[in-house]
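Asker:
Protein chains: 4
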Amino acid sequence: MSRVQPTFDNLPEEKRDRVLQEATREFADHGYEQASINRMVKRLGIAKGSLFKYFGNKKGLFEYLFGQALAEFKRPLKAIRDTSGKDFFQRIENSFLASAAFIDSHPHLYSIYLKMLFNEHFPMRDHFLGEIRGAHAKYLRQLVQNGIESGQLRPELDVDETVFILHSVLDRFLQNHAVPSLDKGIEPEKQRLKDKARAMTDFLRHGLGNTSS
Amino acid sequence: MSRVQPTFDNLPEEKRDRVLQEATREFADHGYEQASINRMVKRLGIAKGSLFKYFGNKKGLFEYLFGQALAEFKRPLKAIRDTSGKDFFQRIENSFLASAAFIDSHPHLYSIYLKMLFNEHFPMRDHFLGEIRGAHAKYLRQLVQNGIESGQLRPELDVDETVFILHSVLDRFLQNHAVPSLDKGIEPEKQRLKDKARAMTDFLRHGLGNTSS
Amino acid sequence: MSRVQPTFDNLPEEKRDRVLQEATREFADHGYEQASINRMVKRLGIAKGSLFKYFGNKKGLFEYLFGQALAEFKRPLKAIRDTSGKDFFQRIENSFLASAAFIDSHPHLYSIYLKMLFNEHFPMRDHFLGEIRGAHAKYLRQLVQNGIESGQLRPELDVDETVFILHSVLDRFLQNHAVPSLDKGIEPEKQRLKDKARAMTDFLRHGLGNTSS
Amino acid sequence: MSRVQPTFDNLPEEKRDRVLQEATREFADHGYEQASINRMVKRLGIAKGSLFKYFGNKKGLFEYLFGQALAEFKRPLKAIRDTSGKDFFQRIENSFLASAAFIDSHPHLYSIYLKMLFNEHFPMRDHFLGEIRGAHAKYLRQLVQNGIESGQLRPELDVDETVFILHSVLDRFLQNHAVPSLDKGIEPEKQRLKDKARAMTDFLRHGLGNTSS
DNA sequence: AATGAATGAGTATTCATTCAT
DNA sequence: GATGAATGAATACTCATTCAT
Numbered sequence: 001m002s003r004v005q006p007t008f009d010n011l012p013e014e015k016r017d018r019v020l021q022e023a024t025r026e027f028a029d030h031g032y033e034q035a036s037i038n039r040m041v042k043r044l045g046i047a048k049g050s051l052f053k054y055f056g057n058k059k060g061l062f063e064y065l066f067g068q069a070l071a072e073f074k075r076p077l078k079a080i081r082d083t084s085g086k087d088f089f090q091r092i093e094n095s096f097l098a099s100a101a102f103i104d105s106h107p108h109l110y111s112i113y114l115k116m117l118f119n120e121h122f123p124m125r126d127h128f129l130g131e132i133r134g135a136h137a138k139y140l141r142q143l144v145q146n147g148i149e150s151g152q153l154r155p156e157l158d159v160d161e162t163v164f165i166l167h168s169v170l171d172r173f174l175q176n177h178a179v180p181s182l183d184k185g186i187e188p189e190k191q192r193l194k195d196k197a198r199a200m201t202d203f204l205r206h207g208l209g210n211t212s213s
Numbered sequence: 001m002s003r004v005q006p007t008f009d010n011l012p013e014e015k016r017d018r019v020l021q022e023a024t025r026e027f028a029d030h031g032y033e034q035a036s037i038n039r040m041v042k043r044l045g046i047a048k049g050s051l052f053k054y055f056g057n058k059k060g061l062f063e064y065l066f067g068q069a070l071a072e073f074k075r076p077l078k079a080i081r082d083t084s085g086k087d088f089f090q091r092i093e094n095s096f097l098a099s100a101a102f103i104d105s106h107p108h109l110y111s112i113y114l115k116m117l118f119n120e121h122f123p124m125r126d127h128f129l130g131e132i133r134g135a136h137a138k139y140l141r142q143l144v145q146n147g148i149e150s151g152q153l154r155p156e157l158d159v160d161e162t163v164f165i166l167h168s169v170l171d172r173f174l175q176n177h178a179v180p181s182l183d184k185g186i187e188p189e190k191q192r193l194k195d196k197a198r199a200m201t202d203f204l205r206h207g208l209g210n211t212s213s
Numbered sequence: 001m002s003r004v005q006p007t008f009d010n011l012p013e014e015k016r017d018r019v020l021q022e023a024t025r026e027f028a029d030h031g032y033e034q035a036s037i038n039r040m041v042k043r044l045g046i047a048k049g050s051l052f053k054y055f056g057n058k059k060g061l062f063e064y065l066f067g068q069a070l071a072e073f074k075r076p077l078k079a080i081r082d083t084s085g086k087d088f089f090q091r092i093e094n095s096f097l098a099s100a101a102f103i104d105s106h107p108h109l110y111s112i113y114l115k116m117l118f119n120e121h122f123p124m125r126d127h128f129l130g131e132i133r134g135a136h137a138k139y140l141r142q143l144v145q146n147g148i149e150s151g152q153l154r155p156e157l158d159v160d161e162t163v164f165i166l167h168s169v170l171d172r173f174l175q176n177h178a179v180p181s182l183d184k185g186i187e188p189e190k191q192r193l194k195d196k197a198r199a200m201t202d203f204l205r206h207g208l209g210n211t212s213s
Numbered sequence: 001m002s003r004v005q006p007t008f009d010n011l012p013e014e015k016r017d018r019v020l021q022e023a024t025r026e027f028a029d030h031g032y033e034q035a036s037i038n039r040m041v042k043r044l045g046i047a048k049g050s051l052f053k054y055f056g057n058k059k060g061l062f063e064y065l066f067g068q069a070l071a072e073f074k075r076p077l078k079a080i081r082d083t084s085g086k087d088f089f090q091r092i093e094n095s096f097l098a099s100a101a102f103i104d105s106h107p108h109l110y111s112i113y114l115k116m117l118f119n120e121h122f123p124m125r126d127h128f129l130g131e132i133r134g135a136h137a138k139y140l141r142q143l144v145q146n147g148i149e150s151g152q153l154r155p156e157l158d159v160d161e162t163v164f165i166l167h168s169v170l171d172r173f174l175q176n177h178a179v180p181s182l183d184k185g186i187e188p189e190k191q192r193l194k195d196k197a198r199a200m201t202d203f204l205r206h207g208l209g210n211t212s213s
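Residue numbers (full-length UniProt numbering), protein chains in the order written: chain A, 1 to 213; chain B, 1 to 213; chain C, 1 to 213; chain D, 1 to 213.
#1: Expressed to the nearest angstrom, what Euclidean distance is found between the alpha-carbon atoms of L109(A) and F55(A)?
#2: Rounded to the nearest angstrom, how far is the Cβ of F88(B) from that of L153(B), given a contact under 8 Å?
#3: Can you tell me which of the three DSSP states L11(A) falls into?
#4: Per DSSP, which one or two residues make a beta bridge with L153(C)?
#5: Is it right to say K59(B) is buried, meaning 16 or more other beta carbons lie within 10 angstroms of its own, or is it exposed?
#6: Nearest chain D C-beta to Q34(C) closer than 9 Å, yes or no?
#7: Please report whether the beta-carbon of E120(B) lies at a distance below 9 Å from any beta-carbon of chain A.
#8: Could you tell me the alpha carbon to alpha carbon distance between R16(A) and L170(B), rounded to whole angstroms?
#9: For V144(B), does the three-state DSSP call read helix, strand or coil?
#10: Quick one: what does DSSP say G45(A) is sitting in, helix, strand or coil?
#11: Is the distance from the Cβ of S65(A) to the Cβ of F27(A) below 9 Å?
#12: Pull up the distance between the alpha-carbon of S99(A) and that of S111(A), whole angstroms please.
#13: Is it a yes or a no for the region 20-40 of chain A touching the region 116-131 of chain A, going by three-plus beta-carbon pairs under 8 Å?
#14: Helix, strand or coil for A137(C), going by three-state DSSP, please let me know.
#15: Between the Cα of D183(D) and those of P107(C), A137(C), E13(C), spot the shortest distance and give me the residue it belongs to.
#16: Would you give the residue range spanned by the alpha helix (DSSP H) that A101(C) belongs to?
#17: For M1(C), I'd like the list of residues in its chain whose CB is within less than 8 Å of its CB, leaving aside the five on either flank, ordered along the chain.
#18: Starting from the Cα of I105(C), find the closest Cα among V41(C), G209(C), Q145(C), H177(C) and give me that residue.
#19: At a Cβ threshold of 9 Å, is L129(A) touching chain B?
#20: The alpha helix (DSSP H) that contains D160(A), what's its start and end?
#21: If the criterion is Cβ atoms closer than 9 Å, does the pair E22(B) and L44(B) meet it?
#22: Under a three-way DSSP split, which group does R16(A) fall into?
#23: In three-state terms, what does DSSP make of M1(C)?
#24: Report back the beta-carbon spacing between F164(A) and P188(B) to the nearest angstrom; my notes put them in contact at under 8 Å.
#25: Could you compute how far the alpha carbon of G209(D) sits from the alpha carbon of F52(C)?
#26: I'd like the list of long-range same chain contacts for A197(C), defined as Cβ closer than 6 Å, with 5 residues on each side in sequence excluded.
#27: Closer than 7 Å, Cβ to Cβ, to anything on chain D: give me those residues from the region 188-203 of chain C, in chain order.
#28: In the region 89-116 of chain C, which residues sit with their C-beta less than 7 Å from some C-beta in chain D, listed in chain order?
#29: Determine, using beta carbons only, whether F164(A) comes closer than 9 Å to chain B.
#30: When the Cα of N146(B) is compared with those of K86(B), P6(B), L61(B), R75(B), which residue comes out closest?
#31: For A135(C) and K194(C), which I take to be in contact (beta-carbon distance under 8 Å), what is that distance rounded to the nearest angstrom?
#32: Taking the C-alpha atoms as reference points, what is the distance between R25(C) and S36(C)?
#33: Using three-state DSSP, classify H121(B) as helix, strand or coil.
Next up, the structure:
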């Protein structure tokens, strides 16, 4: 998976980045099948054959590109998880903000992820989605367990159920952040990202927090 | 929008239905751009020219088809909203079940909706999504307001915020119902739909319900 | 095998013939893989899509074209076989001449056949070659058996062996007729086809004929 | 013809051989046009530019390669011709066996030869084929003349005609040896090569031999 | 001398759309 | 009103050849 000809690795970094960036944008704009290699190379100003030299075929290009992104995708989660000792809901709120920040700095990647969610025709779709969801699940489960042990969460909570809820709200929060038009009329418009994250967290605190303490 | 040549309206109902059904299936299976008029007419056994006579072009076909579906989409919501007087959380739970039932009986339509969610290349996408979300918002807002007035929901709840939360959880519940594989590893596997709806409702009861009464 | 869209059958005969003729020429000139659909349609002055409508794909075009030819290929053999009662060697000589005449009127087809002989990449190659060789074998075997029964051939001849010899000489005679340059320096140049056929027949008469009678 | 850059001649013999061997195999497997320089260099593990340095272009590579082979191709014929004094039909039989042995030890070369026979798109095709046929003709003509002079062949035989017949039968014998599937249904299946050669020779003895002596 | 990145014209095939019958 | 033949630009991908390093 995500193998690449050394040809590509030997390219000057600047060019390599431009190629990946242009390709990512094309996939983000049109999905996998509708993405056009022709458009890519025209915008890049390189020969069609070169792209195929680098990645073998369209599938190879996508897998490499998204595989690279996946690694980066997982990094912020780890960073937060490792900053233990903090307040549970504070960490949730930080997660919201960190994920939103990641999306802001990689809007095309998130756009691809969203398209992939309900479109069957992405190479290695199941694998990629599994990795992403798995990383989230692992991260959230640990958070929840810590939260229960430290008494910040109600002790009778079902861990799986809670993880599912957290994930749902986080996902929707991020979707709304990236494609706000989708929730016009549903979501209360808030100017500032921090306010949104705070509101979500407050809701979760009510739903999950241990009020007896 | 969704204008159609009288040619199509004059068709025998049976044929009309078959055309829309086959087209819906094609769009559900392949999305808008990848849907093939060729495949449709081949399966339908009608001339390609006929389809263009009826709907003008691919865009016209899709808009008509999804416009028709939209009306049907809204109906179950109304039905539940009008059965007032019941318990708030009971009605929420009923909504979950009714929506799941609608999806089960119109899997292709829901599949199109999901593909449309994060793919810009559907004709009138903004309009259609707006209609659907609007209908949901209107329905949920009324429910929430009733809930607060009747004392079943905590009075300090922000209505908009609450609607957003309810919608997020409902959406994810339905996505999970239609494409369960997506949440492998995240969502606790439950055999029965009713159990899932109940679990979701219970969570919401804790998060939103008025415990002081 | 050799299925064709009715689209093609409904074409005016003149056009149909021109299409097959141009395609046959292209395959004869370049073999299967090197034959170019682009060149065909350019010479024909029709749209590329049309050819694919007619035959589905390159393979379909070739199979149809060669399948049609195969039927015609077999016809002259039958005609001669059915004129029984004649002298064995006279019929052999007639076969040589009839086959050469067929080649002269279908030079492109014979050219395809020759290319197919030692080139693996023709669709249905085994089937087509089998049909041709089988038809020849059947025809020759009956001739030989008649020849032995009527006392014109030496009775101790092995039938299979004799058929093989006859076929070898016939094949080479035809190859030499169609591509005389191949045998420059080996075959004695004869102006007239009839003389060649006579010479071959005479040789066979010496090798196979019953001299005791 | 078959000029080569000194670059290639200066290569270590081992590498030179490997290059020619790999190229021969590629041409044998795919013919000239379909042979892929890309595949060759990938299998060889050398740079594409090197091959072009050595041979200029694809044409140059083929001409050099086949030119080298041609010399070897002619050698066994000479060997047999020079063993004079033997029985004519014995030498014919030996020729059959020697040629078959050559093919067995150079299957790729014979495969190229067969493809070249009826495919115009080999560089220097006419020249190469002429050389091969010429060598055969020269060899066979001398054999026949010796045979007539020594009284083993019927004196009234036309030399050219006889050479043509001998060559036809030899060629077909070899084709059948290399690609036996071609003659399924026509040629009597014999397990052992020697039996086939013997059968052919016997037939020729009957057709050409001097029975009066 | 050797490399291997870059090229761009070439390939078969699909597609929504038009329009004469 | 229905048909389906014709179109041609679009697609992913391959190839022999060149040339700067």
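For glycine and all other residues, C-beta sits at the position ideal for the given N, C-alpha and C.
If you're wondering where the values come from, they're calculated on a predicted model, not measured in any experiment.
Answerer: If we stick to the structure as given:
#1: For the purposes of this step, residue 109(A) is taken as the residue at position 109 of the first sequence. For the purposes of this step, residue 55(A) is taken as the residue at position 55 of the first sequence. Distance between the alpha carbons of L109(A) and F55(A): 19 Å.
#2: For the purposes of this step, residue 88(B) is taken as residue 88 along the second sequence, with counting starting at 1. For the purposes of this step, residue 153(B) is taken as residue 153 along the second sequence, with counting starting at 1. Contact flag correct, Cβ pair sits at about 7 Å.
#3: Here the question's residue 11(A) lines up with position 11 in the first sequence. Note: L11(A) maps to coil in three-state DSSP.
#4: Here residue 153(C) corresponds to residue number 153 of the third sequence, with the count starting at 1. Paired residue(s): G209(C).
#5: If you number the second sequence from 1, residue 59(B) lands on position 59. By the 10 Å Cβ count, K59(B) comes out exposed.
#6: Against the third sequence, residue 34(C) aligns to sequence position 34. Closer than 9 Å: yes.
#7: Stepping through the second sequence from its first residue, residue 120(B) is reached at position 120. Interface flag for E120(B) against chain A is set, since a Cβ pair is found closer than 9 Å.
#8: Your numbering for residue 16(A) matches position 16 in the first sequence. Your numbering for residue 170(B) matches position 170 in the second sequence. Linking R16(A) to L170(B) through their CA atoms gives a straight-line distance of about 43 Å.
#9: On the second sequence, residue 144(B) is found 144 positions in, with the first residue counted as 1. Looking at V144(B) - three-state DSSP - the assignment turns out to be helix.
#10: Along the first sequence, read from residue 1 onward, the residue named residue 45(A) stands at position 45. G45(A) falls in the coil class under three-state DSSP.
#11: Within the first sequence, numbered from 1, the residue matching residue 65(A) stands at position 65. Within the first sequence, numbered from 1, the residue matching residue 27(A) stands at position 27. The residue you asked about is not Ser; residue 65(A) is Leu in the sequence shown. The criterion of a C-beta distance shorter than 9 Å is satisfied by L65(A) and F27(A).
#12: Indexing the first sequence from 1 puts residue 99(A) at position 99. Indexing the first sequence from 1 puts residue 111(A) at position 111. Near 14 Å, if we compare the C-alpha coordinates of S111(A) and S99(A).
#13: Touching, yes.
#14: By 1-based counting over the third sequence, the position of residue 137(C) is 137. Looking at A137(C) - three-state DSSP - the assignment turns out to be helix.
#15: In the fourth sequence, the residue the question calls residue 183(D) occupies position 183. Among P107(C), A137(C), E13(C), the Cα nearest to that of D183(D) is on A137(C).
#16: Translated into the one-based positions of the third sequence, residue 101(C) becomes position 101. First-last of the alpha helix (DSSP H) with A101(C): 88-105.
#17: On the third sequence, position 1 is the one that residue 1(C) refers to. Interpretation of M1(C) is limited by its pLDDT of 48, a score under 50 that renders its predicted location unreliable; the figure taken from the coordinates is listed afterwards. Correct list, in chain order: E63, G67, M124, H127.
#18: By one-based count along the third sequence, residue 105(C) stands at place 105. Strictly speaking, residue 105(C) in this sequence is Ser, with Ile absent from that position. Closest option to S105(C), Cα to Cα, is H177(C).
#19: By one-based count along the first sequence, residue 129(A) stands at place 129. At least one chain B Cβ lies under 9 Å of L129(A).
#20: Along the first sequence, one-based indexing puts residue 160(A) at 160. It spans 159-178 - the alpha helix (DSSP H) in which D160(A) sits, taken as one unbroken run.
#21: Translated into positions along the second sequence, residue 22(B) becomes position 22. Translated into positions along the second sequence, residue 44(B) becomes position 44. Yes, these two residues count as a Cβ contact at 9 Å.
#22: Residue numbering aside, residue 16(A) sits at position 16 when the first sequence is read from its first letter. Helix.
#23: As a position in the third sequence, residue 1(C) is number 1, starting the count at 1. Here the model assigns M1(C) a pLDDT of 48, short of 50, so the residue's position is not dependable, and the following value carries that caveat. M1(C): coil per DSSP, three-state reduction.
#24: Locating residue 164(A) in the first sequence gives position 164, where the first residue counts as 1. Locating residue 188(B) in the second sequence gives position 188, where the first residue counts as 1. With 8 Å as the limit, F164(A) and P188(B) qualify as a contact, their Cβ atoms being about 7 Å apart.
#25: One-based indexing of the fourth sequence puts residue 209(D) at position 209. One-based indexing of the third sequence puts residue 52(C) at position 52. When rounded, the distance between both Cα atoms is 58 Å.
#26: As a position in the third sequence, residue 197(C) is number 197, starting the count at 1. Cβ-Cβ distances below 6 Å link A197(C) to E93, F96, L97 in the same chain, with the five nearest sequence neighbours on each side left out; the list follows chain order.
#27: P188, A199, F203
#28: L114, K115
#29: Locating residue 164(A) in the first sequence gives position 164, where the first residue counts as 1. It does: the Cβ of F164(A) has a partner Cβ on chain B nearer than 9 Å.
#30: Locating residue 146(B) in the second sequence gives position 146, where the first residue counts as 1. Checking every option, the nearest Cα to that of N146(B) belongs to K86(B).
#31: Working through the third sequence from its first residue, we reach residue 135(C) at position 135. Working through the third sequence from its first residue, we reach residue 194(C) at position 194. Rounded, the Cβ-Cβ distance is 24 Å, inconsistent with contact.
#32: Taking the third sequence and counting its residues from 1, the one referred to as residue 25(C) is at position 25. Taking the third sequence and counting its residues from 1, the one referred to as residue 36(C) is at position 36. Approximately 11 Å between the Cα atoms of the pair.
#33: Within the second sequence, numbered from 1, the residue matching residue 121(B) stands at position 121. Looking at H121(B) - three-state DSSP - the assignment turns out to be coil, as it is neither helix nor strand.
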